[in-house]
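Inspection log for the structure reproduced underneath, given as structure tokens.
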Amino acid sequence: NAGVMQNPRHLVRRRGQEARLRCSPMKGHSHVYWYRQLPEEGLKFMVYLQKENIIDESGMPKERFSAEFPKEGPSILRIQQVVRGDSAAYFCASSPVGVEQFFGPGTRLTVL
Amino acid sequence: GENVEQHPSTLSVQEGDSAVIKCTYSDSASNYFPWYKQELGKRPQLIIDIRSNVGEKKDQRIAVTLNKTAKHFSLHITETQPEDSAVYFCAAKDGGSQGNLIFGKGTKLSVKP
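Laid out in structure tokens, this is it:
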């Protein structure tokens, strides 16, 4: 079992560009969560998805941010028109039944 | 919604001593409490968890206790080793949601050889 995979591991974008972050859950896991971590801080919940459904997006900003988990392929967190304040580490986690969550290595987004 | 407070924010112990990290939560409906260890630049790793129908759980040098009445839970690490140095996060599963975790702000543990 390869574990949760995320790519890219590092992403640099200029202000106004789009960032696409990908997450492949562990085999057999159908629950995906996205969290954001600022330096020296804890993880903040953003969105919870199951295949083809957004279950809870209460932690995700209403503008510029979107997430999907299609029937085939990885989950994608998309940030449009990035701003410097979007610079952070973005972690996804997967779960087989919605309890234990296992984290990926994260994508470190830097906005210039 | 759920709110999780974690203390202390930093903790320094001598190798071989015990370390205790404490968390409180606000939502009495929360029923799952994991602990994660995060080394610098790495992913959070689940090290132990406890559910609300259990008061204590132990795995080798690591133990977690839960007091549902007081709404607090603690991580205990015995015989600490330098490789235990990391940031530790507690979390609570939001009873009002379908699965997302609410994290504490973390405790940076330093174990001095």
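Quick note, the sequences are listed as chains A and B, same order. Its first residue numbered 168, the first sequence is counted upward by one per residue in the numbering used here. Its first residue numbered 5, the second sequence is counted upward by one per residue in the numbering used here. Built from N, CA and C at the ideal position, the CB exists for glycine as well. Keep in mind that this is a model prediction, so the values were computed, not measured.
Bridge partners of HIS11/B according to DSSP: LYS26/B. By the C-beta criterion, the segment 6–23 of chain B is judged not to be in contact with the segment 216–228 of chain A, since fewer than 3 inter-stretch pairs fall below 8 Å. About 5 Å separates the Cβ atoms of HIS198/A and GLY265/A, confirming a contact at the 8 Å cut-off.
Check the Cα spacing between GLY183/A and each of LEU205/A, ARG245/A, MET227/A, TRP201/A: the tightest is with ARG245/A. Annotated three-state conformation of GLU230/A is coil, per DSSP.
Distance from the CA of ARG65/B to the CA of ILE51/B, rounded to the nearest whole angstrom, comes to 11 Å. Membership of GLU60/B in the beta strand (DSSP E) is indicated by the continuous run 60–63. Taking PRO206/A as the centre and dropping the five residues before and after it, the same chain places no C-beta closer than 7 Å to its C-beta.
Contact of HIS177/A with chain B by beta-carbon distance below 8 Å is absent, the smallest such distance being about 11 Å. Annotation note: the segment 172–245 of chain A contains the following uninterrupted beta strand (DSSP E) runs of length 3 or greater, listed N- to C-terminal: 172–174, 177–180, 186–191, 198–204, 210–217, 220–223, 232–235. Each of GLN42/B, LYS112/B, VAL91/B was checked against the Cα of PHE269/A, and the nearest Cα belongs to GLN42/B. Against chain A, a Cβ distance below 8 Å from LYS109/B picks out GLU208, GLY209. Chain B places a beta carbon closer than 8 Å to that of GLY265/A, counting this residue as a contact. Residue burial is scored here from C-beta neighbours: GLN173/A has at least 16 other C-beta atoms within 10 angstroms and is therefore classed as buried.
Within the segment 35–82 of chain B, no run of alpha helix (DSSP H) reaches 4 residues while sitting entirely inside it. Contacts with chain B at 8 Å (Cβ-Cβ) do not include PHE232/A.
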